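All remarks here apply to the structure that follows.
2 protein chains.
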Amino acid sequence: MVAIKRAKNLKFIQEWNRSIILNTIRHSGPISRMEIAKKQGLSPTTVTSAVHDLMEMGLVKESGVGKSSGGRKPILLQFQPDSLSVICIAVGHTSISMAEMNLEAGVKQKRTVPVGGRTGEELVDHLLQSVELFLRSDGYAGISITVPGIVDAENGIVRYNERLKLRDVPIKKLMEERTQLQTCLENDTNAIVLAEKYYGSYKDCENLLYIMIDDGIGAGIILRDSLYRGRNGGAGEFGHTSIDRSGIPCNCGNRGCLEHYAGWLGLYARILAYIHRGRITQMLELAGGDPMAITPDHFLIALNLGDELAEELLEEMAVALSVGISNILNILDPDAVILGGELAQGNERLLTKVNAQIAVENIHGAKDDILVLPASLKGDYALTGAAAVILQEIFRVPG
Amino acid sequence: MVAIKRAKNLKFIQEWNRSIILNTIRHSGPISRMEIAKKQGLSPTTVTSAVHDLMEMGLVKESGVGKSSGGRKPILLQFQPDSLSVICIAVGHTSISMAEMNLEAGVKQKRTVPVGGRTGEELVDHLLQSVELFLRSDGYAGISITVPGIVDAENGIVRYNERLKLRDVPIKKLMEERTQLQTCLENDTNAIVLAEKYYGSYKDCENLLYIMIDDGIGAGIILRDSLYRGRNGGAGEFGHTSIDRSGIPCNCGNRGCLEHYAGWLGLYARILAYIHRGRITQMLELAGGDPMAITPDHFLIALNLGDELAEELLEEMAVALSVGISNILNILDPDAVILGGELAQGNERLLTKVNAQIAVENIHGAKDDILVLPASLKGDYALTGAAAVILQEIFRVPG
DNA sequence: ACACTTATTTTGTCTATTGGAAAAAGTGCA
DNA sequence: TGCACTTTTTCCAATAGACAAAATAAGTGT
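Those protein sequences? They're chains A and B, same order as listed. For what it's worth, this note's numbering labels the leading residue of the first sequence as 1, then goes sequentially. For what it's worth, this note's numbering labels the leading residue of the second sequence as 1001, then goes sequentially.
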């Protein structure tokens, strides 16, 4: 049954309006009080009073005057992204990035600490300590942490991460007790798709999928403008889409899972098999002759060098992905599908091939309607993801 | 960009609270004022005043007293579902059902008019006229219309229906002009999944899929407690999930679409082909020896009679469906998947086979966690669907 | 310089919620 | 049976936020 929303009082309406006004300034600023009032259907009085509060908080500043349209010049209001900071932490399998960022996801200072083989409790302690050392002065609005693996975002608990040996770690609680700062936790892929929507090129997409192609393949899903997590945070297991009923058995119980054809672990297994069978590939040379040393980078470089095996595998990847994506398009009809992750980032040829394949396969794949697109965020996108999570929380209209 | 919510005033809060209180009485009634106040965190005064208004409107009535717990006995409040009616219209390909229903989707009076070969404008005129004749007295809260095919629910326009020759018909506008009553329009499958959630056995499902297996296969999708329609209402094309890359070509451009293996049109084509090749089946006898006369019912009956061909086709259906459903489970991880439509309704063996198959294929198909379930609404479920659409609208908490 | 515009602020009104008191209707024990 | 205590419901005055109207500020255009 639908949870009945909680009743609210006068104070709530003020907060609601203040939040709307702040977001209007954030997204449409510089803007005058009068224009906000018109845009949001509020009385000028209400806007004046809310803006007064926002200026007192330092979140908004008057910044010059606009053009007159026959009367008094409007006083323009501007959002002040540096009035507060958020601490963003992107936990990876090999390193932890940590940054102080402003309210527009701009980096103020950054630091990376190695995981250094730490796992489980030791890793958590290490993390808590590092954060404590990282904090200076105050003016922090909160902390945001992203972790790969299964995350219970609602309760702030890392449910499970194989490689980091984390199981049911109540990170949110631990961090809040230690720092007294509001803390958000989210899965890394979810965070990144939020970042693409709020700080990348996909602002207008109500329904957005981010397909992350690394060792395995996962998806971050935004539907109706907010993250979709499924029943127990189990949504987005895109890598286990079966694209071939009689394909390779997967340890998920099914056969022909997409991951085996388009994820790095699957690809790597095939590369090894080919090499074992005596096939020649530049990937081996690039890895210094050691098959165990081949990395995704070697694959991408070999691709650019025109390596035949790499080509072949790319083709397979594209076909496999296009089948899975076509199915998603039919079911969800999203505004866009983003291809990201180590094997897709900067791999334009994969994108081209996938789109071509989908155009053939799918009703929705109309000519000039390219739906599968590249990630738009470069650089510290993992940190931008963490920032997106907490900033979305901070600026969310209540109710 | 996220649409910023509209600003609100005092009147809004009153409506909001009234709506919350009404829904509390609807779902948890009979209930006392005090209990509502506690449950919703409202002051007793506020509840009293809202209840006063609701009683004046006739939506709520005092109905006896409850048990005392040491003080004054509570006066219980009860929802009055018969205080208003809604007109529900389920347009089908062969007939149009029309009913006056109360605020709990109970039928007060009903009528079915045949489509009788009417199409396009003629059909629409016929429909408008029939509704006008159907209306008696007043006390109507609105009209709800469901139509198969592509529907733009937001604007109340039937975009496209092949068989009824409808294209861009602004039904909502036409009906509202004619009757002066608020009118909702929705796709039939979407309406039915809403009905399963609000008036069936799936009340607790936040994320729910209804797979409708008729001529083709479509899906109605509820995510986070409300209908998901995709970019242009194009979501739910489940029948065009490709389950076999080298399968039968489909006019959607892809190959091996689920529809061909599990939808009636696909099944029928296969049955004809088998008969043509001389295969013996009881379906032919049931249809009086005329292959063109075979209907889904004949298939279902033959199945119960142990017909070999029907068995074979059922097995294929189950396998095909399970592949498609497994993919959905991996991506959306819903609370439940409902199998409905002519070929699934009452077809328990299909359900059993699909579940068995999924248990093998899928991580999520854990033992006692049967996710694929039968439709729970019997009888006039198409009308219940229409009712669900408008009642959900009427009782929705604003904001 | 004067009439008209537009933007912002001030002032007073309106209204839904609310806390607390009062009323209504009980319970339970001596 | 009477009296003290509870619980539910209603009444009342206070509060606070939105708002309309008026006032003020700062223009434009002729």
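Even glycine gets a Cβ: it sits at the ideal position worked out from N, Cα and C. Just so we're clear, the structure is a prediction, and the values are computed from it rather than from any experiment.
query: Expressed to the nearest angstrom, what Euclidean distance is found between the alpha-carbon atoms of residue 1353 of chain B and residue 1262 of chain B?
result: Their Cα atoms are separated by approximately 13 Å.
task: Consider the Cβ of residue 1248 of chain B: report whether some Cβ of chain A lies at a distance smaller than 9 Å.
output: The Cβ of residue 1248 of chain B sits no closer than 9 Å to any Cβ of chain A.
task: Step through the CB atoms of chain A and report whether any lies within less than 9 Å of the CB of residue 1458 of chain B.
output: Residue 1458 of chain B lies beyond the stretch modelled for chain B, which goes from 1001 to 1399, so this question has no answer here.
query: Mind checking if residue 361 of chain A is an interface residue toward chain B, Cβ cutoff 9 Å exclusive?
result: Residue 361 of chain A counts as touching chain B.
- request: Specify whether the region 58 to 78 of chain A and the region 26 to 42 of chain A touch according to this definition: at least 3 beta carbon pairs, one from each stretch, less than 8 Å apart.
  value: Cβ pair count under 8 Å is three or more, so yes.
Check whether residue 1236 of chain B and residue 1221 of chain B have beta carbons under 9 Å apart: Yes, these two residues count as a Cβ contact at 9 Å.
message: Counting only C-beta atoms, is residue 81 of chain A closer than 9 Å to chain B at any point?
response: Not one chain B Cβ lies under 9 Å of residue 81 of chain A.
- request: Within 10 angstroms of the Cβ of residue 1166 of chain B, are there 16 or more other Cβ atoms? Answer buried if so, exposed if not.
  value: It is buried - the Cβ of residue 1166 of chain B has at least 16 other Cβ atoms within 10 Å.
Assumed close pair residue 81 of chain A, residue 103 of chain A - CB separation to whole angstroms, cut-off 8 Å: Taking the Cβ atoms as the reference, residue 81 of chain A lies roughly 4 Å from residue 103 of chain A, within the contact range of under 8 Å.
task: Leaving aside the five residues before and after residue 383 of chain A along the sequence, list all residues of the same chain whose C-beta is less than 6 Å from its C-beta, in chain order.
output: For residue 383 of chain A, where only same-chain residues beyond five positions count, the Cβ hits under 6 Å are 88, 90, 97, 99.
task: Tell me, please, whether the region 36 to 52 of chain A touches the region 16 to 25 of chain A by the rule of three or more beta-carbon pairs shorter than 8 Å.
output: The region 36 to 52 of chain A, when compared against the region 16 to 25 of chain A, does touch it at the 8 Å Cβ threshold.
query: Which residue from B:1055, B:1056, B:1060 puts its Cα closest to that of residue 1028 of chain B?
result: Here the closest residue by C-alpha is B:1060.
task: Select from A:52, A:24, A:53, A:291 the residue whose C-alpha is nearest the C-alpha of residue 40 of chain A.
output: If we check each option's Cα against that of residue 40 of chain A, A:24 comes out closest.
- request: Specify the secondary structure class of residue 241 of chain A as computed by DSSP and reduced to three states.
  value: In the three-state scheme derived from DSSP, where H, G and I count as helix and E and B as strand, residue 241 of chain A is classed as coil.
query: Mind checking if residue 1151 of chain B is an interface residue toward chain A, Cβ cutoff 9 Å exclusive?
result: So no, residue 1151 of chain B is outside the interface.
Any 3 or more C-beta pairs closer than 8 Å across the region 1160 to 1180 of chain B and the region 1296 to 1309 of chain B: Not touching, per the Cβ criterion.
query: Got a sec: is the Cβ-Cβ distance from residue 1368 of chain B to anything in chain A below 9 Å?
result: Confidence in residue 1368 of chain B is poor, its pLDDT being 48 and thus under 50, which makes the residue's placement too unreliable to answer from.
- request: Select from A:244, A:196, A:260 the residue whose C-alpha is nearest the C-alpha of residue 251 of chain A.
  value: Among A:244, A:196, A:260, the Cα nearest to that of residue 251 of chain A is on A:260.
- prompt: Three or more beta-carbon pairs under 8 Å between the region 115 to 129 of chain A and the region 199 to 215 of chain A, yes or no?
  reply: In short, these stretches do not touch, since the Cβ pair count stays below three.
- request: Please check if any C-beta of chain B sits within less than 9 Å of the C-beta of residue 365 of chain A.
  value: Here residue 365 of chain A scores only 46 on pLDDT, less than 50, and its place in the model should not be relied on; the value that follows carries that caveat. It does: the Cβ of residue 365 of chain A has a partner Cβ on chain B nearer than 9 Å.
message: Would you say residue 1013 of chain B lies against chain A (beta-carbon separation less than 9 Å)?
response: Chain A contact via Cβ: present.
query: Which of the three DSSP states, helix, strand or coil, is assigned to residue 281 of chain A?
result: Reduced to three states, the DSSP call for residue 281 of chain A is coil.
Where the region 218 to 244 of chain A meets chain B: residues whose CB sits under 9 Å from a CB there: Result list: 219, 221, 223, 224, 225, 226, 228, 229, 230, 231, 232, 233, 234, 235, 236, 237, 238, 239, 240, 241, 242, 243, 244.
field: Outcome for residue 272 of chain A when other beta-carbon atoms lying within 10 angstroms are tallied against a minimum of 16
entry: So residue 272 of chain A ends up on the exposed side.
Nearest candidate by alpha-carbon position, reference residue 1211 of chain B, set B:1052, B:1013, B:1372, B:1397: Ranking the options by Cα distance to residue 1211 of chain B, first place goes to B:1372.
query: DSSP on residue 395 of chain A, reduced to helix/strand/coil?
result: Three-state DSSP puts residue 395 of chain A in coil, outside helix and strand.
query: Candidates A:140, A:142, A:344, A:170: which alpha carbon is nearest residue 152 of chain A's?
result: Comparing alpha-carbon positions, the option among A:140, A:142, A:344, A:170 lying closest to residue 152 of chain A turns out to be A:170.
Three-state secondary structure (DSSP) of residue 304 of chain A: Correct three-state label for residue 304 of chain A: helix.
field: Start-to-end residues for the alpha helix (DSSP H) that takes in residue 1107 of chain B
entry: First-last for residue 1107 of chain B: 1107 to 1114, but that is the beta strand (DSSP E), not the alpha helix (DSSP H).
task: Give, in chain order, every residue of the region 332 to 350 of chain A whose Cβ lies closer than 8 Å to some Cβ of chain B.
output: Cβ contacts with chain B come from 332, 333, 334, 335.
task: Note down, in chain order, all residues in the region 1309 to 1326 of chain B with a beta-carbon under 7 Å from any beta-carbon belonging to chain A.
output: Answer in chain order: 1323, 1326.
- prompt: Would the beta-carbon of residue 307 of chain A fall within 9 Å of that of residue 282 of chain A?
  reply: In contact: residue 307 of chain A and residue 282 of chain A (Cβ atoms closer than 9 Å).
message: Rounded to whole angstroms, what is the Cα-Cα separation between residue 4 of chain A and residue 1396 of chain B?
response: Its pLDDT being 42, under 50, residue 4 of chain A is placed unreliably by the model, and nothing is read from it.
message: Any beta carbon from chain A within less than 9 Å of residue 1029 of chain B's own beta carbon?
response: Closer than 9 Å: no.
field: Local conformation of residue 267 of chain A per DSSP, three classes
entry: Here residue 267 of chain A sits in helix by DSSP.
Residue burial classification, residue 1356 of chain B (beta-carbon count within 10 angstroms, cutoff 16): Taking every protein chain shown into account, the CB of residue 1356 of chain B has fewer than 16 other CB atoms within 10 angstroms, so this residue is exposed.
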